[in-house]
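Peer 1: Pasting a structure here, questions to come.
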Amino acid sequence: MFTTGIDYERVYRHLDNFLYFQKCNCPSQMFGVYKFHSEFLEEYFFSEVCVSNVIDSLMILDSPEKVIGERYAILEYLTAVLKFKKHKYEIEKDYLIKELILMQSLDEISVGKININKSQIKNIVEKHVAKFINYFNLTPSNVTFRSFIDSDVQDVVVEILEQDISFEGFKDVPLKALFLEGVFKIIREAYLNDPYFGLDSCLSVRVRHTVIKSFMKGFFSKTHLISSIGEDDLRIDHDYWRNYYSENSLGVSFEKIMIIFEQFRTRINDYLDIIKQKKIHIYSECNTEGIFNFELDHAEILRITNELGTSSEVSFEQVFESLYELLESQLKEQLKIVRVFFKEDVSKCLKAELLEFETKIRHEDVDNAIASAIRQCKSEIDSNMEQIARWFDFENEEQYSDFYVEEFFERYKLAYESLIPGLNISITLCKEGIPVLVNGKYKSKVIDIYNNVIANILKRSGQVLSIKFRINIFYKDDIVDIEFINDCDSSQRDEIDRNLEKSRKAIAEFNANSLMIKDEGGTGFLKIENILKNHISSSSLLSFDYKNDVFTTSISLCGLGVLRKVQ
Amino acid sequence: MKVLIVEDDINKLESLKEYSSSVGLEHEAASSFKSAQKKILECEYDLIFLDMTIPTFDQDYKTKGGKWRSFGGEELLVEMQRKNISSKAIVITGYDKVGTGTSMMTLNKLRKKLKDNFQGLFVGIVYFDPFNSDWKESLDRIIAREFKK
C-alpha cells in the first residue's frame, strides 16, 4: 500500500537470505541485535524493505494476522527508535489496526442469523391450542380414531380432519395423536409464518432484503465483473472496463465484450433472483422450490403422544415445550441442508457460469485481464459461499458484548467498504450527552437496522459510490437518539417523495401491513419498524424526513434492558 | 511415490486427487502459496503438481486468501531452487494464457521461461481441460519420462 513499482518477490528473496544468515525467522527478531552501519540504513531496512508485501512471503508468517502483527511490531520499533518519522508510521499503524478491526467485523457479521423468539411464539399460540390440549387430556390413551364417532370430541376431530388428515392409516392412530398434530400445526404456523417473529420474517429481514444480493454484488465487483453500484439488480462495471481498454489501447471491440458481459450479468442476476425469491423460503404449495421444508414427522408426533399420554393431565407448557423442541430439531436439519446448498449447489452453479463466461470472452480478451478477473472470482467462490452458509445457523445473542453506538458505526463502516468495493462512506459523528452502552444482546438487531439504512441511503443518493452521511448521536436520559442525514440525488426528488408517502402510510398502518414485513420489494422502513418495536422494545421509535434534498432517518433506542449505564 | 498438489480450485483439486490415486501416487494438497511453501520445505515430495495462479493464504471468509499471485507457481519454483529442494514440478493450468497486461504470456512462452530458469525442477506444463481427459495422458507421459527411465 505504501510503496509501488517494486518487485516484492525479488526483495523478499534477498530479505529471506539475509535473515537466514542472521539466524532470524522474521525482521522483528533483529531488533536491537543486529548492528546497522547507520541509523539511516536501519530505518530504510525496517521501513522500506520489510513492508507487508514483502514479509507476507516469509514462511513463518503463515496468516494475514501474523503479517499485520509483524509489520505493526516493526512500526512500533521505528516509532520508538527513530522518532523523527513518527507521524508517517502512525498513519500506517492506523491502517493496520483498521485491517484487523475489519477482520473482526467480518467475523461478527458472518455468524448465525437465525433467531426465532420462543416466548413470543408461545404467547401467540397459547389461546389457539387450548381446546386441543383440553381434548387431549379428556381422551383416554386407548381410544383410536376408529372409535371416536360416538365420542363428544367429534367436532374437534372433524375440524382437524377438514384441515388435513395426514396420518397414514389414521384409523388405528390414537386419537390423542390427532389432537397433538393439531397443536403442532398451529405452533408450526406461528414458528414459520408469523409476520413479526416467524422464521420467514427472520429470513426476509436478515437475508433476503438487500443483504444477500449486496453481498454477492460485492463479491463479483471486487474483480469488476459486476458493478458495486445499482439497487438490487446487478449492473455491468462499464466504466471500469471502458477506462481499462482506453488506457491500454488494445484495439478490442468494447461493444462485443460488453455483449458477453451482459449475457453473464443477466444469467447471474436471474440465478440470484431465484435464490432470493424462491430458494431461501419455506416450502409450500405456492413455492415448491423453497428449501426450508417442515413436513409433519408422524413418528415423532406419535412418540411425543406416548410420552405425554402417560401423564394424567398435560399442561400447555409441556405440550409446547415438546413440540417446539421438535420444530427446533427440524430447523436444525433444514439449516444444514441450506448450508450445503450454498457450499455445493450455488458454488457449482456460479463456477459453471464463470467458466462459460470465460470461454465466451477468450477471443476478445487479448491481454487476459478479464480471464484473470474471472479466475480470481472463481477461486474465491468457495470462501464466499462458506461465509453465506455461516448465516444459516442459530444466532447466539450472548456472543456480543455491550457496545457504544459510535464505535459500532466506525467499525462497520470498514466492513461495508470491504463488502462493497469502491464504496467510500464518510461519517461525521456528533455526540451530545453522556454515552451509554447498548446491551450486546441487541447488536445483531442494530446491524439489521444499519443494513436497511445503508441500502436506503445508497438508493436515494443516486447510486454513487462515495456516499457521505452524517450520524448524530444524542444521549438523553435512558434514550439514545441516532440521526442518519444524507444528501439525495435531486433527479429522484419526485420518486423519493412518492416512496416517502408510501412508507409513512405503511408505518401508520403497521399492523395492517404485517404481511409486507416479510415480503421483499416493499419499504425497508417497515422492516426497521418491526425490528425496533418487536425485537428491541416497543418504546423505540423510527421517523424520517425529506427536505431540500436532504434525507434524515431518526431512530431512538430505549426501553428496559436495552441501554446500560456505564459504571 | 509422493505428490503434492498445489491447487486452489476445489474441482480441479478433486480431479487431480482422483488421477493421483488412480496411478498409485500418494498425495497431499495445498491451496495457497503459504501452505505450499510450508509443505514443500518441511516434507519431501517426489513430484509437485503446481497451479500457476494462487492466493497467498488459504482462503477463508475473512481474508479471502490475501494477495493474489499471478505467478505464485513460479514463485514456489524459485523457493525450491533457493532452498535446494529437488522435487520435480509439473505446472498444470486450465488456461492458455497466464498473467495480465504486460506480464501476460502464453503457455508456450511460460514453458520456455520455466525450462530455462528451473532446469532439473520443472519437467513440463499440462493444459487442464475438465471436459476431456487429454490432460491425464499428458501427465502419464511426463511421469513415465521422468520416473520410469
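Protein sequence lines, in the order shown, are assigned to chains F and U.
Going by the numbering used here, the first sequence opens with residue 46, and the numbers climb by one from there.
Going by the numbering used here, the second sequence opens with residue 124, and the numbers climb by one from there.
Quick reminder that beta carbons are idealized off the backbone N, C-alpha and C, glycines included.
From a predicted model like this one, the values you see are computed outputs, not experimental measurements.
What's the C-alpha gap between F:T48 and F:E93?
Peer 2: Counted from its first residue, the first sequence places residue 48 of chain F at position 3. Counted from its first residue, the first sequence places residue 93 of chain F at position 48. Only weak support exists for where F:T48 lies, its pLDDT of 42 falling under 50; the value from the coordinates is given anyway. Taking the straight line joining both Cα atoms gives about 8 Å.
Peer 1: Can you check whether the CB of F:L587 is closer than 8 Å to the CB of F:I600?
Peer 2: On the first sequence, residue 600 of chain F is found 555 positions in, with the first residue counted as 1. On the first sequence, residue 587 of chain F is found 542 positions in, with the first residue counted as 1. For F:I600 and F:L587, yes; Cβs fall inside 8 Å.
Peer 1: Establish whether the CB of U:D257 and some CB of chain F are separated by less than 8 Å.
Peer 2: The sequence position of residue 257 of chain U within the second sequence is 134, counting from 1. For U:D257, the answer is no, since every Cβ of chain F falls outside 8 Å of its Cβ.
Peer 1: For F:T48, would you say it is in contact with chain U, using Cβ-to-Cβ distances shorter than 8 Å as the test?
Peer 2: By one-based count along the first sequence, residue 48 of chain F stands at place 3. Model confidence at F:T48 stands at a pLDDT of 42, short of 50, so the residue's coordinates are unreliable; what they give is reported in the following sentence. False, the Cβ-Cβ gap to chain U never drops below 8 Å.
Peer 1: Mapping DSSP to helix, strand and coil, what is F:R456?
Peer 2: The residue you call residue 456 of chain F lines up with position 411 of the first sequence. Helix at F:R456.
Peer 1: In whole angstroms, what separates the C-alpha of F:Y369 from that of F:K262?
Peer 2: Locating residue 369 of chain F in the first sequence gives position 324, counting from the first residue. Locating residue 262 of chain F in the first sequence gives position 217, counting from the first residue. If I take the Cα positions, the gap works out to 37 Å.
Peer 1: How should F:C247 be labelled, buried or exposed, when 16 other C-beta atoms within 10 angstroms of its C-beta is the threshold for buried?
Peer 2: Locating residue 247 of chain F in the first sequence gives position 202, where the first residue counts as 1. When all chains shown are included, F:C247 counts as buried.
Peer 1: Give every residue of the same chain whose Cβ lies closer than 7 Å to the Cβ of U:R234, excluding the five residues on either side of it in the sequence, and list them in chain order.
Peer 2: Taking the second sequence and counting its residues from 1, the one referred to as residue 234 of chain U is at position 111. Counting only Cβ-Cβ distances below 7 Å, and skipping sequence neighbours, we find I248.
Peer 1: Hey, F:Y289 and F:A414: beta-carbon distance below 8 Å or not?
Peer 2: Residue numbering aside, residue 289 of chain F sits at position 244 when the first sequence is read from its first letter. Residue numbering aside, residue 414 of chain F sits at position 369 when the first sequence is read from its first letter. Yes; because the gap between Cβ atoms is below 8 Å, this pair is in contact.
Peer 1: F:D534 CB to nearest chain U CB: under 8 Å?
Peer 2: Against the first sequence, residue 534 of chain F aligns to sequence position 489. Not closer than 8 Å to any Cβ of chain U, the Cβ of F:D534 fails to qualify, so no.
Peer 1: From U:G282 to U:M175, what distance separates their C-alpha atoms?
Peer 2: Chain U is shown from 124 up to 272; residue 282 of chain U falls before or after that span and cannot be answered.
Peer 1: Going along the chain, which residues of its own chain have a beta-carbon closer than 6 Å to the beta-carbon of F:I327, five neighbours each way excluded?
Peer 2: Numbered from 1 along the first sequence, position 282 holds the residue referred to as residue 327 of chain F. Within the same chain, F:I327 has close Cβ partners L237, D245, G335, F337.
Peer 1: Any beta carbon from chain F within less than 8 Å of U:L164's own beta carbon?
Peer 2: As a working note, residue 164 of chain U is residue 41 in the second sequence. True, the Cβ-Cβ gap to chain F drops below 8 Å.
Peer 1: Considering U:I215, what are the terminal residues of the beta strand (DSSP E) in which it resides?
Peer 2: Here the question's residue 215 of chain U lines up with position 92 in the second sequence. Residues 211–216.
Peer 1: Leaving out five residues on either side along the sequence, give the residues of the same chain with a beta carbon under 7 Å from the beta carbon of F:E171.
Peer 2: Taking the first residue of the first sequence as 1, we reach residue 171 of chain F at position 126. If we look at F:E171 and ignore the five residues flanking it on each side, its Cβ neighbours are F361.
Peer 1: Per DSSP, F:V483 forms a beta bridge with which residues?
Peer 2: Within the first sequence, residue 483 of chain F is the residue found at index 438, counting from 1. According to DSSP, F:V483 bridges with F:F448, F:L608.
Peer 1: Our contact map puts F:K321 next to F:I257 with C-beta atoms below 8 Å; I'd like the distance itself, whole angstroms only.
Peer 2: The count along the first sequence starts at 1 and reaches residue 321 of chain F at position 276. The count along the first sequence starts at 1 and reaches residue 257 of chain F at position 212. Confirmed, Cβ separation roughly 6 Å.
Peer 1: Note down, in chain order, every chain U residue with its Cβ under 7 Å from the Cβ of F:D217.
Peer 2: Counted from its first residue, the first sequence places residue 217 of chain F at position 172. F:D217 does not reach chain U, its nearest Cβ partner there being about 50 Å away, counting only Cβ pairs nearer than 7 Å.
Peer 1: Could you work out which residues of chain U lie near F:D390, taking near to mean beta carbons separated by less than 8 Å?
Peer 2: Taking the first sequence and counting its residues from 1, one reaches residue 390 of chain F at position 345. Under the 8 Å cutoff, chain U gives no residues; its nearest Cβ is about 14 Å from F:D390.
Peer 1: With distances taken Cα to Cα, identify the nearest neighbour of F:I516 among F:K578, F:I113, F:E477.
Peer 2: As a position in the first sequence, residue 516 of chain F is number 471, starting the count at 1. The residue from F:K578, F:I113, F:E477 with its alpha-carbon nearest to that of F:I516 is F:E477.
Peer 1: Tell me the rounded alpha-carbon separation between F:K131 and F:E84.
Peer 2: Position 86 of the first sequence, counted from the start, is the residue given in the question as residue 131 of chain F. Position 39 of the first sequence, counted from the start, is the residue given in the question as residue 84 of chain F. Near 15 Å, if we compare the C-alpha coordinates of F:E84 and F:K131.
Peer 1: Could you check the C-alpha separation between F:V383 and F:Q375 for me, to the nearest Å?
Peer 2: The residue given as residue 383 of chain F occupies position 338 in the first sequence. The residue given as residue 375 of chain F occupies position 330 in the first sequence. Each residue's Cα considered, the two are about 13 Å apart.
Peer 1: Residue range of the beta strand (DSSP E) that F:C603 falls in?
Peer 2: On the first sequence, position 558 is the one that residue 603 of chain F refers to. It spans 595–603 - the beta strand (DSSP E) in which F:C603 sits, taken as one unbroken run.
Peer 1: Which partner residues does F:R515 have in the DSSP bridge list?
Peer 2: To locate residue 515 of chain F, count along the first sequence from 1; it is residue 470. According to DSSP, F:R515 bridges with F:T473, F:I530.
Peer 1: Leaving out the 5 sequence neighbours to the left and right, which residues in its chain are closer than 6 Å to F:D410 when beta-carbon positions are compared?
Peer 2: Working through the first sequence from its first residue, we reach residue 410 of chain F at position 365. Closer than 6 Å at the Cβ level, and outside the excluded window around F:D410, lie A416.
Peer 1: Within 8 Å of any Cβ in chain F, is that where the Cβ of U:D252 sits?
Peer 2: Taking the first residue of the second sequence as position 1, residue 252 of chain U is located at position 129. No, because no Cβ of chain F sits closer than 8 Å to the Cβ of U:D252.
Peer 1: Between which two residues does the alpha helix (DSSP H) harbouring F:D245 extend?
Peer 2: Within the first sequence, the letter at position 200 stands for residue 245 of chain F. Start and end: 244–248.
Peer 1: To which residues of the same chain is F:A235 closer than 7 Å at the C-beta, ignoring the five residues directly before and after it?
Peer 2: Reading the first sequence from its first residue, position 190 is the one you call residue 235 of chain F. Hits under 7 Å: I166, I169, V170, G243.
Peer 1: For the segment 421–439 of chain F, enumerate the residues whose C-beta is nearer than 8 Å to any C-beta of chain C, in chain order.
Peer 2: Structure shown: chain C not included; protein chains present are F and U.
Peer 1: Please look up how many angstroms separate the CB atoms of U:M227 and U:K238, rounded, as I've assumed it's under 8 Å.
Peer 2: For the purposes of this step, residue 227 of chain U is taken as residue 104 along the second sequence, with counting starting at 1. For the purposes of this step, residue 238 of chain U is taken as residue 115 along the second sequence, with counting starting at 1. Going by Cβ atoms, the distance from U:M227 to U:K238 rounds to 19 Å, so no, they are not a contact pair.
Peer 1: My understanding is that U:I128 touches U:S145, with C-beta atoms under 8 Å, so please give their C-beta distance in whole angstroms.
Peer 2: Here residue 128 of chain U is taken as the residue at index 5 of the second sequence, counted from 1. Here residue 145 of chain U is taken as the residue at index 22 of the second sequence, counted from 1. Going by Cβ atoms, the distance from U:I128 to U:S145 rounds to 14 Å, so no, they are not a contact pair.
Peer 1: On the three-pair Cβ rule with 8 Å, is the segment 384–403 of chain F touching the segment 173–183 of chain F?
Peer 2: no
Peer 1: Tell me, please, whether the CB atom of U:F245 is closer than 8 Å to any CB atom in chain F?
Peer 2: Position 122 of the second sequence holds residue 245 of chain U. Not one chain F Cβ lies under 8 Å of U:F245.
Peer 1: Tell me which residues share the same chain as F:V364 and place their Cβ nearer than 8 Å to its Cβ, disregarding the 5 neighbours each side in the sequence.
Peer 2: Looking up residue 364 of chain F in the first sequence gives position 319. Only V174, I178, F181, L225, V228, L353 meet the Cβ criterion.
Peer 1: Give the DSSP-derived three-state secondary structure of F:Y591 in the structure shown.
Peer 2: Working through the first sequence from its first residue, we reach residue 591 of chain F at position 546. The three-state secondary structure of F:Y591, taken from DSSP, is strand.
Peer 1: Can you tell which of F:K393, F:F570, F:I136, F:I472 has the C-alpha that lies nearest to the C-alpha of F:S511?
Peer 2: On the first sequence, residue 511 of chain F is found 466 positions in, with the first residue counted as 1. Closest option to F:S511, Cα to Cα, is F:I472.
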